[in-house]
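Novice: Structure in structure tokens, see below.
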Amino acid sequence: AQTVTQSQPEMSVQEAETVTLSCTYDTSESDYYLFWYKQPPSRQMILVIRQEAYKQQNATENRFSVNFQKAAKSFSLKISDSQLGDAAMYFCAYRSPALITGNQFYFGTGTSLTVIP
Amino acid sequence: DSGVTQTPKHLITATGQRVTLRCSPRSGDLSVYWYQQSLDQGLQFLIQYYNGEERAKGNILERFSAQQFPDLHSELNLSSLELGDSALYFCASSVSSGTSGRNEQFFGPGTRLTVL
Numbered sequence: 027a028q029t030v031t032q033s034q035p036e037m038s039v040q041e042a043e044t045v046t047l048s049c050t051y052d053t054s055e056s057d058y059y060l061f062w063y064k065q066p067p068s069r070q071m072i073l074v075i076r077q078e079a080y081k082q083q084n085a086t087e088n089r090f091s092v093n094f095q096k097a098a099k100s101f102s103l104k105i106s107d108s109q110l111g112d113a114a115m116y117f118c119a120y121r122s123p124a125l126i127t128g129n130q131f132y133f134g135t136g137t138s139l140t141v142i143p
Numbered sequence: 034d035s036g037v038t039q040t041p042k043h044l045i046t047a048t049g050q051r052v053t054l055r056c057s058p059r060s061g062d063l064s065v066y067w068y069q070q071s072l073d074q075g076l077q078f079l080i081q082y083y084n085g086e087e088r089a090k091g092n093i094l095e096r097f098s099a100q101q102f103p104d105l106h107s108e109l110n111l112s113s114l115e116l117g118d119s120a121l122y123f124c125a126s127s128v129s130s131g132t133s134g135r136n137e138q139f140f141g142p143g144t145r146l147t148v149l
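Heads up: the sequence lines are chains F and C, in that order. Add 26 to a position in the first sequence, counting from 1, and you land on the number used in the numbering used here. Add 33 to a position in the second sequence, counting from 1, and you land on the number used in the numbering used here.
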């Protein structure tokens, strides 16, 4: 089974600064999808950004961008100009292609991000 | 609003009891996933259904069961409840297709279960 590893249980960043959250995964598949989800104190799971493995270009959503290194099986999230509202638990997720595993999702253990005013 | 609804939002019950959690996926989504999240823990995948059939099983206890109905809503049944079952239970749905498009999971707001 695929595994997703987030090696940073906790991170902190000063407001307006940039922070990078790490994620690595293990897979033998060539086509898959990667996601970052945010879980604020409300506990709602919110999609932050997605990346298709077949795309070489790194995904970007406003202040959020990823560094996708397919060969290294690395998928880090960069948050620029950090805001207090970015404080949350961040989960990295991997999705298998549907035909192989029924598009099962695998989640990392999460990184708790604190934003310091 | 993700389009995924879960009821009830909160549930308080006693040990040994049985409860049913309900989930309605987004319109058009055929896959439903159930997750358990205990306090300050990650997401534990329980089970997945696709168009009424069980597709994948995770760390789901034998005391727990689920099903997906013809209208695609799903129910998670938890029986012989123990204190340790207190958690936030999420339902998520997705389009089950390997083709391009939106392939992420959309999460419901969760049901917070407290077992006393």
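All C-beta atoms in this analysis are idealised placements derived from N, C-alpha and C, irrespective of residue type, glycine included.
Looking at chain F, is there any beta carbon in it that lies within less than 8 angstroms of the beta carbon of residue 131 of chain C?
Specialist: Start at 1 with the first residue of the second sequence, and residue 131 of chain C comes out as number 98. Below a pLDDT of 50, predicted positions are generally treated as unreliable, and residue 131 of chain C, at 44, falls in that range; the measurement from the model is reported next regardless. For residue 131 of chain C, the answer is yes, since a Cβ of chain F falls inside 8 angstroms of its Cβ.
Novice: Is it buried or exposed, residue 134 of chain C, if we count other Cβ atoms within 10 angstroms and call 16 or more buried?
Specialist: For the purposes of this step, residue 134 of chain C is identified with residue 101 of the second sequence, where counting begins at 1. Here residue 134 of chain C scores only 49 on pLDDT, less than 50, and its place in the model is too uncertain to base an answer on.
Novice: Need the endpoints of the beta strand (DSSP E) that residue 43 of chain C sits in, please.
Specialist: Taking the second sequence and counting its residues from 1, the one referred to as residue 43 of chain C is at position 10. Here the beta strand (DSSP E) through residue 43 of chain C covers 43–46.
Novice: In terms of residues, what are the limits of the beta strand (DSSP E) holding residue 40 of chain C?
Specialist: As a position in the second sequence, residue 40 of chain C is number 7, starting the count at 1. Taken as a continuous stretch (DSSP letters only), the beta strand (DSSP E) holding residue 40 of chain C covers 38–40.
Novice: Please look up how many angstroms separate the CB atoms of residue 97 of chain C and residue 71 of chain F, rounded, as I've assumed it's under 8 angstroms.
Specialist: For this step, residue 97 of chain C is matched to residue 64 along the second sequence. For this step, residue 71 of chain F is matched to residue 45 along the first sequence. Between residue 71 of chain F and residue 97 of chain C the Cβ distance is about 20 angstroms, and since that is not below 8 angstroms, they are no contact.
Novice: Check whether the Cβ of residue 66 of chain C lies closer than 8 angstroms to any Cβ atom in chain F.
Specialist: Counted from its first residue, the second sequence places residue 66 of chain C at position 33. Yes, residue 66 of chain C counts as interfacial toward chain F.
Novice: Just tell me which of C:43, C:149, C:126, C:112 has its CA closest to the CA of residue 85 of chain C.
Specialist: Locating residue 85 of chain C in the second sequence gives position 52, where the first residue counts as 1. Looking at the Cα atoms, C:126 is the closest of the given residues.
Novice: Below 8 angstroms CB to CB, which residues in the same chain sit around residue 138 of chain C once its five sequence neighbours on both sides are set aside?
Specialist: For the purposes of this step, residue 138 of chain C is taken as residue 105 along the second sequence, with counting starting at 1. Residues 66, 125, 126, 127 of the same chain have their beta carbon placed closer than 8 angstroms to that of residue 138 of chain C, with the five preceding and five following residues left out of the count.
Novice: If you count every other CB in all the chains shown that lies within 10 Å of the CB of residue 110 of chain F, and 16 or more means buried, which is it?
Specialist: Here residue 110 of chain F is taken as the residue at index 84 of the first sequence, counted from 1. It counts as exposed.
Novice: In terms of alpha-carbon separation, which member of F:120, F:108, F:96 lies closest to residue 31 of chain F?
Specialist: Sequence index remark: in the first sequence, residue 31 of chain F carries index 5 (1-based). Closest option to residue 31 of chain F, Cα to Cα, is F:120.
Novice: With DSSP collapsed to three states, give me the class of residue 132 of chain C.
Specialist: Translated into the one-based positions of the second sequence, residue 132 of chain C becomes position 99. Interpretation of residue 132 of chain C is limited by its pLDDT of 49, a score under 50 that renders its predicted location unreliable; no figure is taken from the coordinates.
Novice: Please classify residue 75 of chain F as buried or exposed, where buried requires at least 16 other C-beta atoms within 10 Å of its C-beta.
Specialist: If you number the first sequence from 1, residue 75 of chain F lands on position 49. The residue is buried, with at least 16 neighbouring Cβ atoms inside 10 Å.
Novice: Buried or exposed for residue 80 of chain F, please, with buried defined as at least 16 other CB atoms from any protein chain shown within 10 angstroms of its CB.
Specialist: Here residue 80 of chain F is taken as the residue at index 54 of the first sequence, counted from 1. Counting Cβ neighbours within 10 Å, residue 80 of chain F comes out exposed, since fewer than 16 surround it.
Novice: Take residue 51 of chain C and list the residues in its own chain whose beta-carbon comes closer than 8 angstroms to its own, dropping the five residues that flank it on each side.
Specialist: The residue given as residue 51 of chain C occupies position 18 in the second sequence. Hits under 8 angstroms: 110, 111, 112, 113, 114.
Novice: Using a Cβ-Cβ cut-off of less than 8 angstroms, give me the residues of the region 96–121 of chain C that come near chain F, in sequence order.
Specialist: Listed by position, the residues of the region 96–121 of chain C near chain F (Cβ gap below 8 angstroms) are 121.
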